[in-house]
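The structure under discussion appears below in the form of structure tokens.
Numbering (the numbering used here), first residue to last: 160 to 298.
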């Protein structure tokens with residue numbers, strides 16, 4: 160009974176949702192999220208500040224389970240963060256890499272509410288910028 164509402168939300172909304180703690184507790188939710196290719200927008204700094212997550216942040220676990228994760232800042236005026244600080248926090252506090260963050264950016268482009276053509280254009284732009292950085296030894 161306690162999981163009825165989130166399951167309904169996942170089934171109905173079919174887009175970016177905030178259910179990190181719930182997902183990690185219920186394997187069947189992971190199956191639904193993977194099967195339906197539901198994107199999870201994760202805001203690590205806000206999650207920690209609001210104590211939605213305590214201890215180790217589950218971002219890496221979600222990502223390693225092949226859940227389509229994206230990174231965001233949540234409400235940056237409240238959390239006093241920006242996307243660069245989120246990326247830096249991830250790189251310093253997890254074993255995720257720049258390559259992983261690049262994949263999450265591609266996930267974000269695929270998750271936006273827009274046409275298939277616009278999504279493909281954004282993914283292409285992200286990939287071309289990644290290639291440009293790779294060729295200039297920015298790492």
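The beta-carbon is built from N, C-alpha and C at its ideal position, and this holds for glycine as well.
Values in this document were obtained by computation on a predicted structure and should not be read as measured data.
State buried or exposed for residue i, treating a residue as buried only when at least 16 other CB atoms are found within 10 Å of its CB.
i           : result
residue 227 : buried
residue 245 : buried
residue 256 : exposed
residue 259 : buried
Please report the Cβ distance between residue i and residue j, rounded to the nearest whole angstrom; I am assuming they are in contact, meaning their Cβ atoms lie under 8 Å.
i           : j           : result
residue 209 : residue 267 : Wrong, their Cβ atoms sit about 21 Å apart, outside the cutoff.
residue 249 : residue 207 : The pair is not a contact, with the Cβ atoms about 12 Å apart (cut-off 8 Å).
Of all the options the options, which has the alpha carbon lying nearest to the alpha carbon of residue i?
i           : options            : result
residue 202 : 276, 194, 196, 212 : 212
residue 205 : 196, 237, 288, 263 : 237
Could you have a look at residue i and say whether DSSP puts it in helix, strand or coil?
i           : result
residue 201 : strand
residue 249 : helix
residue 189 : helix
residue 285 : helix
residue 242 : helix
residue 265 : helix
In angstroms, rounded to a whole number, what distance separates the CA positions of residue i and residue j?
i           : j           : result
residue 185 : residue 251 : 28 Å
residue 168 : residue 286 : Here residue 168 scores only 40 on pLDDT, less than 50, and its place in the model is too uncertain to base an answer on.
residue 242 : residue 199 : 16 Å
residue 278 : residue 233 : 22 Å
residue 276 : residue 223 : 28 Å
Given 7 Å as the limit, tell me if residue i has its C-beta closer than that to any heavy atom belonging to the ligand COA.
i           : result
residue 288 : Looking at this structure, you won't find the ligand COA or any other ligand, since it has none at all.
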